[in-house]
Each structure stands twice: as C-alpha cells, then as structure tokens.
Amino acid sequence: MARVQAEPFDPNAELAAFARGRENVGALASFVGLVRGGDTQALHLDHYPGFTEREIARIEEAAVDRFGLMDALVIHRHGTMRPGEPIVLAAALAAHRKPALLAVDFLMDYLKTDAPFWKRETSAAGSTWIEPTDADRAARQAWEKD
Amino acid sequence: MARVQAEPFDPNAELAAFARGRENVGALASFVGLVRGGDTQALHLDHYPGFTEREIARIEEAAVDRFGLMDALVIHRHGTMRPGEPIVLAAALAAHRKPALLAVDFLMDYLKTDAPFWKRETSAAGSTWIEPTDADRAARQAWEKD
Amino acid sequence: MNILFFGRLKDIARGRTFAPPVHLRTLGELRDWLAASDDLLGDALRAKGVKIALNQEIADPSRAYSPSDEIAFMSPLSGG
Amino acid sequence: MNILFFGRLKDIARGRTFAPPVHLRTLGELRDWLAASDDLLGDALRAKGVKIALNQEIADPSRAYSPSDEIAFMSPLSGG
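Residue numbers (my numbering), protein chains in the order written: chain S, 3 to 148; chain G, 3 to 148; chain H, 379 to 458; chain D, 379 to 458.
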C-alpha cells in the first residue's frame, strides 16, 4: 500500500496494522526516516499529487515482484515537518529474512531517486533545496546490475 | 539493549519505546522474525541463561561500533512460541539510512550463528531440531571479509 | 496547456504563467522557449537531473505535446 | 564440575549425570571420555559445529579445566 499525506503518522501503529492478521509471515523488515535535528528547523516536502502516489505504487510493485514479498508498505509525508517527525516508512513482509531486508533497502533507494518529491530545509541560515547526491544515484543504479 | 525473555512481546511497543526521546536520529531500521505457520505447530527455543544475554550484548556492541550507531536493540524470546508470534526484534538507530539497514542485517546474521539458542520445531510429524544451514554460515562470514 | 514546475524550478518560475507560441511541437522545443524567456530559468532547466513529465509520465524531450496536455518540469527528485 | 548439554545433545544426554575420572585435564579429553560412554552421544559430540563453553566462554578443546568449572557442550546454534 502506498500513501502520501500531509498529516503526521505513527510508524509503529502503521506497522502493527500492516502486519495484523497475516498468515505464514516469517519476516517483517522496516525503515523509518526521521527529520534530523541539529541545524534543521524544518523540512518541507513538495509532491506532485497523483503522479507521486502512482510512482510510489510502481516502486512497491517492483519490490514485491523482485523479492517475492507478501506485501509492501510505503507511507510518505509531504508539507512541513519538524525535527523528530517521521518522513517516510517503508516495510516489507516476506516468508524469509533476507528478501524482507533487501526489499526495504531497495524501496528506500528507489524512493530517494524516483519518487516525485522535492525537499527544502530551513535552518537559521535560510532555506535550501536538497537534491540527490551521486551516492544516492549510485545506490539506485546498483540494483540494475544484479 | 539486549533482552532475552520467555514472555511474548509487542515489537511495535518496543520500537516506540526504543526511539522515544532521541535527538538527531535520522534513521530507524528494524526486523521482526515471526513463527511461520504452515506445518509448524510450535517452535521451542532453548537458551543458556547468562551466556546468551552476554553474547547478544556483544553482538550489539559490535554492530554499534562497526556502523556508528546511536543505539541498537535486540529482544529475543525463548521457550515455546506459536505461529504468528514474534521470536526476535532487532533494531538500529543511526543518523543515516544505510548504516541503520546494514546494522540490522548484520545483527540478524550474527544472532543466527553466534547467539546461544537452540531451536526445535513441532509439527504433526513430530519434533525436530533446526540447525544453521551453510547459507547462514556464509552470510555470517561475508561480514568478516569487508 | 498546463505547465507546472517543481522543486528549485518552482521557486524560479515564481507562479508566472507562460503562453508558448502555437508552432512549438515537442517538449524539448517548449523547454528551449521557456529557457530563452529568462536566464535564471534557462540555467535551472538545463541543470543535471531535470526531468519532464507529460500527463504525469516521464517523457523524452523529443515527445510531441498538444494544447490540452499537462507538462511538468521537475528539478532532481529527493524523496525518502 | 557442572556439565551441561544444549540442543540435540541435551536430548541425547537425557539428564544423565556424568562423573569423569579425575585424571582428565583438557576439554578435549573430557569430550572424548563422554563420547566413549555412549555411541549416540559420541556421534553427536563429534558432529560438525559442536562448540564447547568453559565458564560461559567459547573454549578450545585444548583448554584445561578444573573441578569447579561449568562446562557446556553445545549443538550448532540457531538463533534469530
């Protein structure tokens, strides 16, 4: 399931709902990305309504197919977030451990470079756009070689 | 924190407590291993009281050092578990995504081969010991090459 | 035609509306026409990693568009 | 001396207590003496991946032990 929302969410409540009532699951892997503190006062994420949701659903489907998952979950916020707040939750349910962990890594690499979001950070020094680094692109490309 | 207990636990409540009140965390990765259903009626895990806790703490420390984690968490059950129940929770808090995900993979690989647990499965056909496979050992050894 | 800008490009376009001439045919021609209208916008449109979406699908600059299309110029994505 | 068995070895030892002769000195000698007491236990003690712990530390068969030690023979571990 792919969800994009402005409202804060509780990753643990979402994970509990995601895993509830499943049969034969052996592995649940998950990742929560949070707004780091330090200099950051706020993080702003723009999205492209409609397109963003569809691209995330496409990334999820790719993960489910590639790793033989029982299910995948991505919840991604847009709008303004404060330090400590969750930005993104990615989770994978599988029969076994390795596919579940690999799938979460894959989901995050693809979300980083392929999901239509634009990230701006506000600190005391002002507001700056954050764009993907070469390392982000390399991580995404490594999956294409396998 | 390393905990070994006979009582069932709620992975999401544990994750929430683990992440609560942290400063400057950007990434929380986690893995929950559950008793698979199918033929399995119950899973029994023996441990070596004292030794098991210490070995898990040692594996956690290795993960914290190696990946520069802010903290690591392992909760592992012993005793008798039913399908659907969590066996193990491993989690890592870090500033960034990749170290958190790698640390969880590392924790699970080491728990599998180095933590003093012995696993027996009960099905309609009887009760059998489950021992680590060559693949488990290879996964553990791959970390030593890096 | 609905022209959208995202990320850094949105800041630079600043809500302006553009009325591209009717003789333009491809997304690349539209991009070049927009770039010529403003140096800052031109630099940003030619930056590494800028993508174009035609009706919410990533599209090549060689693709033709029609007046009813939704066209988005997108700065490098940064989700996750 | 406290001798413990874990995993498959525990099933085979079945709660028996062992009184090894006092002339034994190393963990390896103790293992061989236990193995000689019972074919099934012997096979299981020589299986791949069996480890010995001396006072809750993994130890080599060449290590000497004393009567007050806790010694554990452990079938291959399977946590996680």
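Where is the CB? At the ideal position from N, CA and C, for every residue including glycine.
Collapsed DSSP secondary structure at D416/D in the structure displayed: coil
In chain order, which continuous runs of the alpha helix (DSSP H) of length 4 or greater are located wholly inside the stretch 39 to 99 of chain S? 53 to 69
7 Å Cβ cut-off: residues of chain D touching V34/G: Simply none; closest approach about 11 Å.
Endpoints, beta strand (DSSP E) assigned at F493/D: The structure shown does not extend to residue 493/D, since chain D is modelled only from 379 to 458, so the question has no answer here.
Where do the N-terminal and C-terminal ends of the alpha helix (DSSP H) with E133/S fall, by residue? Run containing E133/S: none; DSSP gives neither H nor E here.
For the beta strand (DSSP E) containing E123/G, list its first residue and its last residue. 119 to 125
For the putative contact between L2/G and F119/G, defined by C-beta atoms under 8 Å, what is the C-beta separation to the nearest angstrom? The first residue shown for chain G is 3 and the last is 148, placing residue 2/G beyond what the model contains.
Anything in chain D within Cβ reach of R142/G, meaning under 8 Å, just list it in chain order. Chain D residues near R142/G: none, gap ~10 Å exceeds 8 Å.
From the beta carbon of M110/S, is the nearest beta carbon of chain G less than 8 Å away? yes
Between D421/H, I430/H, L419/H, which has its C-alpha nearest T404/H's C-alpha? I430/H
So for R409/D, helix, strand or coil by DSSP? helix
Give the DSSP-derived three-state secondary structure of R386/D in the structure shown. helix
Could you check which residue in D73/S, M110/S, R99/S, K114/S has the C-alpha nearest to that of K114/G? R99/S
How far does the beta strand (DSSP E) with F11/G in it extend, from its first residue to its last? Careful: F11/G lies outside any beta strand (DSSP E) and carries neither H nor E.
In terms of DSSP beta bridges, what is R5/S paired with? I77/S
Do you know offhand how far H78/G's Cα is from S440/H's? 57 Å
So which residues of chain S does V76/G contact, with C-beta pairs closer than 7 Å? Those within 7 Å of V76/G in chain S number zero; the least Cβ separation is about 14 Å.
Same chain, Cβ closer than 8 Å to K426/H, five either side skipped, listed in chain order: P454
Considering Cα atoms alone, identify which of A64/S, A21/S, G35/S is closest to A97/S. A21/S
First through last residue of the beta strand (DSSP E) which encompasses K429/H: 429 to 432
If you count every other CB in all the chains shown that lies within 10 Å of the CB of T130/S, and 16 or more means buried, which is it? exposed
Anything in chain H within Cβ reach of K114/S, meaning under 9 Å, just list it in chain order. L455, S456, G457, G458
For a contact meaning CB atoms closer than 8 Å, what does R56/S contact in chain H? Q434
Below 8 Å on the Cβ atoms is my contact criterion, and I expect A74/S with A105/S to pass it. Report the Cβ-Cβ distance as a whole number of Å. 7 Å
If you run the structure through DSSP and keep just helix, strand and coil, what is P435/D? For clarity, residue 435/D is Glu in the given sequence; the question names Pro instead. In the structure shown, E435/D sits in a strand (DSSP, three-state: E or B).
Below 8 Å on C-beta distance, what does D48/S contact in chain H? F384, G385, K388
Output the distance between the C-alpha atoms of E57/S and M110/S, rounded to the nearest integer angstrom. 13 Å
Using a C-beta cutoff of 8 Å, does A391/D count as contacting chain G? no
Take Q390/H as the anchor and find which of G406/H, E407/H, L412/H has the nearest alpha-carbon. Gln is not the amino acid found at residue 390/H; the sequence shown has Ile there. Ranking G406/H, E407/H, L412/H by Cα distance to I390/H puts L412/H first.
Kindly give me the distance between the Cβ atoms of I132/S and E123/S, rounded to whole angstroms, as I take these residues to be in contact under 8 Å. 6 Å
When the Cβ atoms of the stretch 29 to 45 of chain G are set against those of the stretch 83 to 90 of chain G, are three or more pairs found closer than 8 Å? yes
Report the neighbours of M452/H on chain S: residues whose CB is nearer than 7 Å to its CB, in chain order. P118
Does chain S have any CB closer than 8 Å to the CB of R99/G? yes
Same chain only: Cβ atoms within 8 Å of L446/H, ignoring 5 sequence neighbours per side: Reading off the sequence shown, one finds Ser at residue 446/H, where the question assumed Leu. Within the same chain, S446/H has close Cβ partners M379.
Applying a beta-carbon distance threshold of less than 7 Å, which residues of chain G neighbour A431/D? F53
Closer than 8 Å, Cβ to any Cβ of chain S: which residues of the stretch 406 to 429 of chain H, in chain order? G427
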